[in-house]
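**Student:** The structure under discussion is supplied below as structure tokens; questions concerning it will follow.
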Amino acid sequence: MLEGKLEFRTGDEIVCATPGTFVLSPPGVVHSFRNVSGSPAKLLNLHAPDGFVEYRHELVALHEQGPEPDNAFYERHDVFDPD
436 MLEGKLEFRT GDEIVCATPG TFVLSPPGVV HSFRNVSGSP AKLLNLHAPD GFVEYRHELV
496 ALHEQGPEPD NAFYERHDVF DPD
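Start counting at 1 in the sequence shown, then tack on 435, and there's your number in the numbering used here.
In structure tokens:
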């Protein structure tokens, strides 16, 4: 975590991250994060092994399309609302 405050959910664990916090989400474990501060936040997100680039490109394109969800994207990447 670089700036701000984010809430991370990794499996059943919830971590309130502030600058300097490291959160590990192993492959195959359901995880999410959200801004709980109301202020901008910055994080450094690393993925290993590779293979995540296509997902990120699709996510950026999805965001640029507007607020309507793309259910095909969610199904393709096993994305769901954690709440």
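A virtual CB, placed ideally from N, CA and C, is assigned to each residue, including glycine.
Since the model is a prediction, treat every value here as computed from it, not as a measurement.
Output the distance between the C-alpha atoms of Glu448 and Gly501, rounded to the nearest integer angstrom.
**Tutor:** For the purposes of this step, residue 448 is identified with residue 13 of the sequence shown, where counting begins at 1. For the purposes of this step, residue 501 is identified with residue 66 of the sequence shown, where counting begins at 1. Taking the straight line joining both Cα atoms gives about 31 angstroms.
**Student:** I need the boundaries of the beta strand (DSSP E) containing Ala520, first residue and last residue.
**Tutor:** In the structure as shown, the chain begins at 436 and stops at 518. Residue 520 is therefore absent and cannot be evaluated.
**Student:** At 3 residues or longer, what runs of the beta strand (DSSP E) sit wholly inside the stretch 453-480?
**Tutor:** List check, beta strand (DSSP E) in window: 466-470.
**Student:** Cβ of Val464 within 8 angstroms of Cβ of Lys440?
**Tutor:** Here the question's residue 464 lines up with position 29 in the sequence shown. Here the question's residue 440 lines up with position 5 in the sequence shown. Not a contact, by the Cβ cut-off of 8 angstroms.
**Student:** Are there 16 or more other CB atoms within 10 angstroms of the CB of Phe443, so buried, or fewer, so exposed?
**Tutor:** As a working note, residue 443 is residue 8 in the sequence shown. With 16 or more other Cβ atoms within 10 Å, it is buried.
**Student:** Tell me whether the beta-carbon of Leu479 lies closer than 8 angstroms to the beta-carbon of Leu437.
**Tutor:** Within the sequence shown, residue 479 is the residue found at index 44, counting from 1. Within the sequence shown, residue 437 is the residue found at index 2, counting from 1. Cβ distance < 8 angstroms, so Leu479 and Leu437 count as in contact.
**Student:** Would you mind working out which of His482, Gly486, Phe508, Glu499 sits nearest Pro461, comparing C-alpha positions?
**Tutor:** One-based indexing of the sequence shown puts residue 461 at position 26. Answer by Cα proximity: His482.
**Student:** Out of Gly486, Pro484, Ala452, which has the shortest C-alpha to C-alpha gap to Ala476?
**Tutor:** Working through the sequence shown from its first residue, we reach residue 476 at position 41. Comparing Cα-Cα distances from Ala476 to each of Gly486, Pro484, Ala452, the minimum goes to Ala452.
**Student:** To which residues of the same chain is Glu466 closer than 8 angstroms at the C-beta, ignoring the five residues directly before and after it?
**Tutor:** As a first step, residue 466 is located in the sequence shown; it is residue number 31 there, counting from the start. The residue you asked about is not Glu; residue 466 is His in the sequence shown. For His466, where only same-chain residues beyond five positions count, the Cβ hits under 8 angstroms are Phe443, Arg444, Thr445, Gly446, Ser460.
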